[in-house]
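Visitor: Going by numbering that gives the first Met the number 0, the first residue of the sequence shown is number 0, and it counts up by one from there.
Before I ask anything, here is the structure I am working with.
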Amino acid sequence: MATFQELTSIEAVRDFYLGQRASFIYVSSPGCGVCASLFPQIEPILASHPEFRSGHVDLGSVPEIAGEFSVFTAPALLFFVNGKEIHREVRIVPIEPFTKKVEQLSRLVASLD
Numbered sequence: 000m001a002t003f004q005e006l007t008s009i010e011a012v013r014d015f016y017l018g019q020r021a022s023f024i025y026v027s028s029p030g031c032g033v034c035a036s037l038f039p040q041i042e043p044i045l046a047s048h049p050e051f052r053s054g055h056v057d058l059g060s061v062p063e064i065a066g067e068f069s070v071f072t073a074p075a076l077l078f079f080v081n082g083k084e085i086h087r088e089v090r091i092v093p094i095e096p097f098t099k100k101v102e103q104l105s106r107l108v109a110s111l112d
């Protein structure tokens with residue numbers, strides 16, 4: 000499985016994605032059933048794409064994340080390339096289209112070499 004780094008402060012979040020070639024941040028909130036059920040489904044998808052550094056942040060622990068990334072609902076799945084957000088999925092995320100999107104983004108990252 001992909002190893003998701005726990006991000007426990009806004010500074011840790013910034014350090015995580017800024018200056019990185021490709022990163023993915025899973026934003027969840029306490030008591031969110033969708034967040035809890037979606038995470039184990041996306042984990043193996045990201046594991047098969049190690050070019051994305053994967054992190055997890057909880058809105059309850061780091062409420063500033065909502066303002067930093069304009070996250071108004073959870074879960075939010077954020078992809079970054081070279082420190083810029085390039086794609087986002089929120090709330091209900093169908094797995095098959097998400098998998099295809101990750102593959103597409105993976106090809107994009109590979110094309111930057």
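Where is the CB? At the ideal position from N, CA and C, for every residue including glycine.
Taking the alpha carbon of G54 as the reference point, which residue from R106, V70 and V12 has its own alpha carbon closest?
Guide: In the sequence shown, residue 54 corresponds to position 55, counting from 1. Of the candidates R106, V70 and V12, the one whose C-alpha sits nearest the C-alpha of G54 is V12.
Visitor: Here's a check: name, in chain order, each residue in its chain whose Cβ is nearer than 7 Å to the Cβ of N81, leaving out the five neighbours to either side.
Guide: Counting from one through the sequence shown, the residue named residue 81 turns up at place 82. Result list for N81: R20, in chain order.
Visitor: So which of H86, A75 and S105 has the shortest CA-CA distance to F38?
Guide: Position 39 of the sequence shown, counted from the start, is the residue given in the question as residue 38. F38 has its Cα closest to that of A75, out of H86, A75 and S105.
Visitor: So, using beta-carbon positions, are S8 and A73 closer together than 7 Å?
Guide: Here the question's residue 8 lines up with position 9 in the sequence shown. Here the question's residue 73 lines up with position 74 in the sequence shown. It is not a contact, given that the beta carbons lie outside the stated cut-off.
Visitor: For L104, tell me which candidate among K83, E95 and F78 has the shortest Cα-Cα distance.
Guide: Position 105 of the sequence shown, counted from the start, is the residue given in the question as residue 104. Nearest option by C-alpha distance: F78.
Visitor: On a Cα-Cα basis, can you pick out the residue from G59, T2, Y25 and E50 that is closest to R106?
Guide: Residue numbering aside, residue 106 sits at position 107 when the sequence shown is read from its first letter. Closest option to R106, Cα to Cα, is E50.
Visitor: Mind checking I64: buried by the 16 CB within 10 Å criterion, or exposed?
Guide: Walking along the sequence shown from the start, residue 64 turns up at place 65. Answer is buried; the Cβ neighbour count reaches 16.
Visitor: Report yes if the CB atom of V92 is closer than 7 Å to the CB atom of H48, and no otherwise.
Guide: Here the question's residue 92 lines up with position 93 in the sequence shown. Here the question's residue 48 lines up with position 49 in the sequence shown. Cβ atoms of V92 and H48: not closer than 7 Å.
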